[in-house]
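*Asks:* Just so you know, we're using our numbering here: the sequence shown kicks off at 246 and counts up by one.
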Amino acid sequence: MTLIPGTDGAVQPFFSPDGKWLGFFTGGQLKKVSLEGVGPVTLADAPGARGGGFWAPDGTIIFPGSRRSGLVKVSADGGAPEVLTTLEPKTGDVAHFWPELLPDGKGILFMLYDGSGLVDWQRIVVQSLELGERRVLARGCGPRYVPTGHLVFARAQTLYAVPFDLDRLEVKGTEVPVVSGVWTPGPYVGGRCAFSISETGTLVYVPSAPVERRLFLVDLDGKDEALPAPPRPYEGARFSPDGRRLALTTDDGKVYLYELESDRMSLLTSRFEDASGTEWTPLGTVAWSPEGGRLALDAITPGRTGNLFLMDLDMREPPEPLLERSHLPFLAGWSPDGERVYYADYDLEQHPPTNFDIWEVSLDTGSAHAILESPRHQQQPVISSDGHWMAYHSAESGQYEVYVRRYRESGVRRQISIDGGQSPVWAPDGRRVYYRKADKMMVVEIVTDPEFSAESPSVLFEGPYDLDETWKPRIYDLSPDGSRFIMIQSEGDPPPPQVKLVQNWFEELKRLVPTN
Numbered sequence: 246m247t248l249i250p251g252t253d254g255a256v257q258p259f260f261s262p263d264g265k266w267l268g269f270f271t272g273g274q275l276k277k278v279s280l281e282g283v284g285p286v287t288l289a290d291a292p293g294a295r296g297g298g299f300w301a302p303d304g305t306i307i308f309p310g311s312r313r314s315g316l317v318k319v320s321a322d323g324g325a326p327e328v329l330t331t332l333e334p335k336t337g338d339v340a341h342f343w344p345e346l347l348p349d350g351k352g353i354l355f356m357l358y359d360g361s362g363l364v365d366w367q368r369i370v371v372q373s374l375e376l377g378e379r380r381v382l383a384r385g386c387g388p389r390y391v392p393t394g395h396l397v398f399a400r401a402q403t404l405y406a407v408p409f410d411l412d413r414l415e416v417k418g419t420e421v422p423v424v425s426g427v428w429t430p431g432p433y434v435g436g437r438c439a440f441s442i443s444e445t446g447t448l449v450y451v452p453s454a455p456v457e458r459r460l461f462l463v464d465l466d467g468k469d470e471a472l473p474a475p476p477r478p479y480e481g482a483r484f485s486p487d488g489r490r491l492a493l494t495t496d497d498g499k500v501y502l503y504e505l506e507s508d509r510m511s512l513l514t515s516r517f518e519d520a521s522g523t524e525w526t527p528l529g530t531v532a533w534s535p536e537g538g539r540l541a542l543d544a545i546t547p548g549r550t551g552n553l554f555l556m557d558l559d560m561r562e563p564p565e566p567l568l569e570r571s572h573l574p575f576l577a578g579w580s581p582d583g584e585r586v587y588y589a590d591y592d593l594e595q596h597p598p599t600n601f602d603i604w605e606v607s608l609d610t611g612s613a614h615a616i617l618e619s620p621r622h623q624q625q626p627v628i629s630s631d632g633h634w635m636a637y638h639s640a641e642s643g644q645y646e647v648y649v650r651r652y653r654e655s656g657v658r659r660q661i662s663i664d665g666g667q668s669p670v671w672a673p674d675g676r677r678v679y680y681r682k683a684d685k686m687m688v689v690e691i692v693t694d695p696e697f698s699a700e701s702p703s704v705l706f707e708g709p710y711d712l713d714e715t716w717k718p719r720i721y722d723l724s725p726d727g728s729r730f731i732m733i734q735s736e737g738d739p740p741p742p743q744v745k746l747v748q749n750w751f752e753e754l755k756r757l758v759p760t761n
């Protein structure tokens, strides 16, 4: 392995057709570097730096113009980009990613990204460059046309193939699984599926590794107790108001109920249909109503916006949608008075695409409005039990820190973490805020009357419990009596990175998926 000079911070590299150059993105620019020591050379601005590039045989490079645009092309010698595709917001377009110019130059393959990050549901499309017509071919990521006459793509950790007609720009027949165990991005991630295919029939891919996690009850001294619940890819956990049950979510879109006394677990829902018959999949967060009879959850549907739902635990009626329009809401919680649900919303139509703002929706009127907006992310809000204060984390200082401010009132916010912090939760009496800092659970003593003040944070305990990503919902919870946490921990050490190589793979592909 050799480090290529001049490629610090490079992402999403791709080869020139002759294999002598690499294109890549860095610092909001598209660049190229010669494998023979020339470069790097800046070719064009690329503010999105996301969604890959393709070096075409005609000496042009195709790439997403920005995070909110279609595809553009530029000469491999540099110059002004030329628009190739445009967004169609009415059909759920947010961006066009992972392009490939087809061999005859008449059409272009790409992934039509809807902003959700749920790669299994992204639309793979082909667009005629002559007529501008666009056709959906499949769902998944990483579309590639190979010389055997197949379209190959990935979905749900599996490579699929289907015969493809270059003249008519359409698939012929049914897609067939051809390789299992291929790494694909999990929920929320808009990244590339980890495989590549050479023109001569060599397949390389990164094998997937199953993620299994266990549940632990951890007291305030850091003493933990493993729950006998089966390991699953848990994504979040919430105590019921009486502390006797857990609502659990997994990264494969399931919601479970777990009885702590009996150790009984039952599936509450996975994919579900609303009253109109539209299918939705849970995103990974639930919140109990104050009386414990209902759950709120966030969910997404293919090619459309996300929404928040209310559902009864008996599931006799379809879950009820809460929002008339939203882009990608991440549920945070239920107000203590039971009148509102609050959440973080990622709204490309209203804000730059890097922003999460904190919103709430009235359960009485259905009206939603922002309660905290700024040019930086603010995420994972949590309301104190008296309903007066809100803790959240934000990147406004340049790194994520925990802040407290009045709930539903403008005014001064106070930073209570030092040198980083995320994922806050209030103690039931409102006198403490807990938050995560790497492997540490931190605690801050709080006084709110007559004026707000906060002591310096201290370490409550430390342990190898999973840490949620800052832009995703909080994965742990504190019991209603404030005596213990429910924490999630991945099982074992992650396997070492591997790359698998399959030579002469085209012969196997033709056997599995005949084109005639």
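Positions of the beta carbon are idealized from the N, C-alpha and C atoms, including for glycine.
#1: Measuring only the C-alpha atoms, how far is E752 from R379?
#2: Could you check how far apart the C-beta atoms of V423 and L757 are, in whole angstroms? I think they sit under 8 Å.
#3: Output the boundary residues of the beta strand (DSSP E) element that contains F575.
#4: Would you kindly work out how many angstroms separate the C-alpha atoms of G385 and Q644, rounded to a whole number?
#5: Specify the secondary structure class of K265 as computed by DSSP and reduced to three states.
#6: Quick check: R295 and S735, are their CB atoms within less than 8 Å of each other?
#7: With a 10 Å radius around its C-beta and 16 neighbouring C-beta atoms as the bar for buried, classify T419 as buried or exposed.
#8: Per DSSP, Q734 forms a beta bridge with which residues?
#9: Measuring alpha carbon to alpha carbon, tell me which of G297, G272, P292, G268 ends up nearest V283.
#10: With a 10 Å radius around its C-beta and 16 neighbouring C-beta atoms as the bar for buried, classify K318 as buried or exposed.
#11: Mapping the DSSP letters down to three states, classify L512 as helix, strand or coil.
#12: Which residue comes first and which comes last in the alpha helix (DSSP H) that contains R756?
#13: On the three-state DSSP scale, how would you describe D582?
#14: Under 6 Å Cβ to Cβ from P574, same chain only, skipping five residues before and after it: list those, please.
#15: Let me check one thing: in DSSP terms, what residues is R483 bridge-paired to?
#16: Answer yes if the segment 600–611 comes into contact with the segment 659–670, meaning at least three C-beta pairs across the two stretches below 8 Å, and no otherwise.
#17: Decide if P742 is buried, meaning its Cβ has at least 16 other Cβ atoms within 10 Å, or exposed.
#18: Could you work out which residue in G273, L465, L382, G488 is closest to M687 when comparing CA atoms only?
#19: With DSSP run on the structure shown, which of helix, strand or coil describes W604?
#20: Applying the criterion that 16 or more other CB atoms from any shown protein chain within 10 Å of the CB defines a buried residue, is V256 buried or exposed?
#21: Please say whether G708 and G481 have beta carbons closer to each other than 8 Å?
#22: Any chance the segment 688–707 sits against the segment 715–729, with 3 or more Cβ pairs inside 8 Å?
*Replies:* Looking at the atomic coordinates:
#1: CA-CA distance, E752 to R379, rounds to 31 Å.
#2: Rounded to whole angstroms, the Cβ separation of V423 and L757 is 5 Å, and the two are in contact under 8 Å.
#3: Taken as a continuous stretch (DSSP letters only), the beta strand (DSSP E) holding F575 covers 574–579.
#4: If you take the alpha carbons of G385 and Q644, they lie about 33 Å apart.
#5: Assigned with DSSP and collapsed to three states, K265 falls in coil, not helix or strand.
#6: Note that the C-beta distance between R295 and S735 is not below 8 Å.
#7: Looking at its Cβ environment, which holds fewer than 16 other Cβ atoms inside 10 Å, T419 is exposed.
#8: Paired residues: R459.
#9: Each of G297, G272, P292, G268 was checked against the Cα of V283, and the nearest Cα belongs to G268.
#10: Burial state of K318 is buried, judged by a 10 Å Cβ sphere holding 16 or more other Cβ atoms.
#11: Note: L512 maps to strand in three-state DSSP.
#12: R756 -> alpha helix (DSSP H) spans 750–757.
#13: It is coil, neither helix nor strand.
#14: Same-chain partners within the cutoff: D543, G551, L553, Y588, D590.
#15: When beta bridges are read from the DSSP output, R483 appears opposite A492.
#16: Short answer: they don't touch.
#17: With fewer than 16 other Cβ atoms within 10 Å, it is exposed.
#18: For M687, the nearest C-alpha among the options comes from L465.
#19: Correct three-state label for W604: strand.
#20: Note on V256: under 16 other CB atoms within 10 angstroms of its CB, so exposed under the neighbour-count rule.
#21: Going by C-beta atoms, G481 is not nearer than 8 Å to G708.
#22: Result no; under three Cβ-Cβ pairs closer than 8 Å.
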